[in-house]
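First to last, the sequence lines map onto chains A and B.
End of the first sequence sits at 375 in this note's numbering; the numbers just go up one at a time, nothing left out.
End of the second sequence sits at 375 in this note's numbering; the numbers just go up one at a time, nothing left out.
Where a beta carbon is used, it is the ideal one built from N, C-alpha and C, also for glycine.
Protein chains: 2
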Amino acid sequence: MRKRHSLELKPIGIIHSSYKNRGKAPYQGYRSEKISEIEVFKEFEEGLKDIEGFSHIVVIFWFHKSRGYHLLVRTPWDDVLHGLFATRSPYRPCPLGLTIVELAAREENILKVKGLDAIDGTPLLDIKPYISSTDEKSVAKLGWLKGKLGKERS
Amino acid sequence: MRKRHSLELKPIGIIHSSYKNRGKAPYQGYRSEKISEIEVFKEFEEGLKDIEGFSHIVVIFWFHKSRGYHLLVRTPWDDVLHGLFATRSPYRPCPLGLTIVELAAREENILKVKGLDAIDGTPLLDIKPYISSTDEKSVAKLGWLKGKLGKERS
């Protein structure tokens with residue numbers, strides 16, 4: 222087996238949210254109009270210059286409550302086991318979360334965003350501008366999720 | 222200052238690409254029809270079950286040639302300094318790359334994809350299904366990049 226070095230990351234901020242734990246966060250952030258606050262640590266604030274021109278941003282964060290993973294998982298949408306990488310489960314070998322959110326406002330090092338499904342206290346790793354010409358794939362096929370979104374079991 | 226722990230990641234695979242170094246990779250992967258191969262390590266192969274139903278996947282990788290960063294950066298699109306987080310520069314505090322690619326084929330633990338701008342040997346961190354209802358923001362405002370894409374300096 223190939224040797225695999227560990228890679229090290231340090232958060233650049235923290236997410237403040239009304240979702241206080243995993244059970245409270247929505248399955249899909251897009252259904253929420255709630256505002257979350259992304260606090261970018263002061264030392265990185267200069268890196269936010271011009272971010273307010275973008276209506277949407279890509280937020281990458283650390284699933285800090287995630288512990289371990291299974292390669293086959295059951296989701297809220299059906300009773301079939303699916304491969305982990307064909308789901309958005311937070312329990313992953315690299316526990317990286319990704320949500321594309323609407324940037325509602327910026328106040329210095331604080332970004333107010335809509336549609337972020339991360340729970341309170343989530344470490345922030347990166348922010349990128351959302352660029353529709355590269356990031357939008359409107360014809361995408363949904364695989365096993367086809368016809369199931371919005372119909373999850375409670 | 223708040224204490225910030227380091228977070229540790231281990232790659233789940235490696236990207237094989239015809240882009241052998243940074244200068245050879247396109248600014249925007251979407252313009253390329255070239256096929257890259259994503260090798261997911263055998264031990265994670267089961268996690269790929271059902272991935273082939275999705276036409277597009279989100280690929281998160283490690284910018285392994287990235288060294289250091291500046292909070293204000295100049296890009297190929299204009300002469301103005303922009304905040305790092307308002308750009309997709311690979312030189313970031315957390316050197317995480319993100320590209321949404323077309324999944325052309327799967328052969329066991331190998332995914333053949335179109336539109337991946339990562340260079341050869343890039344460590345793979347995560348794969349997620351692209352879900353247009355949450356990931357597509359067709360009305361997104363482009364900020365400082367408006368009218369500039371495709372017009373970069375050579």
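Distance, Cα to Cα, residue i vs residue j?
{"i": "B/S238", "j": "A/S239", "result": "42 Å"}
{"i": "B/K241", "j": "A/A307", "result": "29 Å"}
{"i": "B/S279", "j": "B/L292", "result": "Inspection of the sequence shows that residue 279 of chain B is occupied by Val rather than by Ser. So the two alpha carbons sit approximately 26 Å from each other."}
{"i": "A/P232", "j": "B/R288", "result": "17 Å"}
{"i": "A/H285", "j": "A/A361", "result": "30 Å"}
{"i": "B/D341", "j": "B/E260", "result": "11 Å"}
{"i": "B/D347", "j": "B/E254", "result": "22 Å"}
{"i": "B/F282", "j": "A/P344", "result": "18 Å"}
{"i": "B/L230", "j": "B/K372", "result": "36 Å"}
When burial is assigned at 16 or more other CB atoms within 10 Å of the CB, is residue i buried or exposed?
{"i": "A/R313", "result": "buried"}
{"i": "A/D338", "result": "buried"}
{"i": "A/D300", "result": "exposed"}
{"i": "B/K358", "result": "buried"}
{"i": "B/G234", "result": "buried"}
{"i": "A/E329", "result": "exposed"}
{"i": "A/P311", "result": "buried"}
Can you name the start and end residues of the alpha helix (DSSP H) that residue i belongs to?
{"i": "B/D356", "result": "353-356"}
Along the chain, where does the beta strand (DSSP E) that runs through residue i open and close?
{"i": "A/H277", "result": "277-283"}
{"i": "B/L228", "result": "228-230"}
{"i": "A/L271", "result": "First, the amino acid is wrong: residue 271 of chain A is Asp here, not Leu. Here A/D271 belongs to no beta strand (DSSP E), and DSSP marks it neither H nor E."}
Check whether the Cβ of residue i sits closer than 6 Å to any heavy atom of the ligand GTP, and report yes or no.
{"i": "A/H226", "result": "In terms of ligand content, the structure shown is empty, and the ligand GTP therefore cannot be addressed."}
So who's on the other strand from residue i, going by DSSP bridges?
{"i": "A/G304", "result": "A/L293"}
{"i": "A/E323", "result": "A/H277, A/K335"}
{"i": "B/G318", "result": "B/F282"}
{"i": "B/E260", "result": "B/I235, B/I331"}
{"i": "B/L345", "result": "B/G234, B/F282"}
{"i": "A/L363", "result": "B/F275"}
{"i": "B/P350", "result": "B/I278"}
Any residues in the segment 302-317 of chain B with a beta carbon nearer than 9 Å to a beta carbon of chain A? Which ones, in chain order? L302, H303, G304, L305, F306, A307, T308, R309, R313, P314, C315, P316, L317
Under 9 Å, CB to CB, which of the residues in the segment 282-294 of chain A have a partner in chain B? W283, H285, Y290, H291, L292, L293, V294
Output needed in chain order: residues of the segment 352-369 of chain A with a Cβ under 9 Å from some Cβ in chain B. For the segment 352-369 of chain A, the beta-carbon criterion of a distance under 9 Å to any beta-carbon of chain B is satisfied by I352, S353, S354, T355, D356, E357, K358, S359, V360, A361, K362, L363, G364, W365, L366, K367.
Output, in sequence order along the chain, the residues in the segment 258-283 of chain B whose CB is closer than 9 Å to any CB in chain A. V261, F262, K263, E264, F265, E266, E267, G268, L269, K270, D271, I272, E273, G274, F275, S276, H277, I278, V279, I281, W283
Could you list the residues in the segment 318-342 of chain B with a C-beta less than 7 Å from some C-beta on chain A, going in chain order? Per Cβ criterion, the list reads L319, I321.
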